[in-house]
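Numbering (the working numbering), first residue to last: 102 to 413.
And the structure:
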């Protein structure tokens, strides 16, 4: 039987060995944080305010932007607290809650990208029935399904964290709480918590990617059957932004997985940096991609920033 010397606090970690540079490191991170808030916040505002964007494609984009905001708002406050104020202490309940939202929103992002692939599939394979198939009610049901799937799938491992005694070191390896970090501190049988996340990632994230890949195979097959070269280019152009977001998300997932599995001898700062890239790069890039590649979003941004001038 384990001797439970559990305290009510964990200790977060910034960049080990670089504590004197924490304030300098926080400057680019703060810049990225503000950019994510402004970029995704602007997308949400435009989609809500501009009636030209009240279409299924942009509703799914709003879900993606909200997910990216959620991931960033969940992780960055504790990161900046560590880097700015050396505020490393975090209570168990707050830590477990943060871990729950971080992992849930990661699964949500994968699900939203899958929903966006379904949207492009319907738009190109059944353009005449697009609005009748993807009604507002259907879009809402898909969104709720994505959220429910992620929330329920992560819940079992987070609930078990409350039962474990923590009698080893209470120092976590990041400036935010991750499930895989917390279980290494538990003095209990963590077999379920080690195996279950692997199953979740395989069944959900990998399966989502395979379905997305198959959807684009069918989309490409349909596009190649279009006689007009101009129409083919136009159809494919509506998918470019989504394809870029898919690559950004899954490349960072693969990169993080690769570092954890095969980079055990890499400096610890490499693992930590890759974690920040995973959590910050997709939320930073998604608004940029859609702002550059989507004319409707570009027009909305121009109208938004030219509105004060027109009033003057």
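Ideal placement from N, C-alpha and C gives every residue a C-beta, glycine not left out.
The model shown is predicted, which means the values in this text are computed figures rather than measured ones.
Rounded to the nearest whole angstrom, the CA to CA distance from residue 221 to residue 342 is 11 Å. With a contact defined as Cβ atoms closer than 8 Å, residue 257 and residue 317 miss out at about 32 Å. Counting along the chain, residue 112 sits inside the beta strand (DSSP E) bounded by residues 110-112.
Per the Cβ contact rule, the region 400-407 is not in contact with the region 185-195 (fewer than 3 Cβ pairs under 8 Å). In this structure, the CA atom of residue 360 is about 22 Å from the CA atom of residue 308. Residue 393 and residue 304 have their alpha carbons spaced roughly 33 Å apart. DSSP, read as helix, strand or coil, puts residue 192 in strand.
Selection 225, 182, 176, 320 evaluated against residue 198 yields 176 as nearest (Cα-Cα).
By DSSP's assignment, residue 283 forms no beta bridge with any residue.
The residue from 336, 180, 272, 311 with its alpha-carbon nearest to that of residue 321 is 336. Looking at the backbone, the Cα of residue 241 and that of residue 347 are separated by about 22 Å.
With respect to residue 386, residue 349 sits close: the two C-beta atoms are nearer than 8 Å. Rounded to the nearest angstrom, the gap between the Cα atoms of residue 364 and residue 274 is 15 Å.
Bounds of the alpha helix (DSSP H) holding residue 392 are 369-394. If you keep only unbroken alpha helix (DSSP H) runs of at least 4 residues inside the region 182-262, you get 193-226, 231-234, 237-262.
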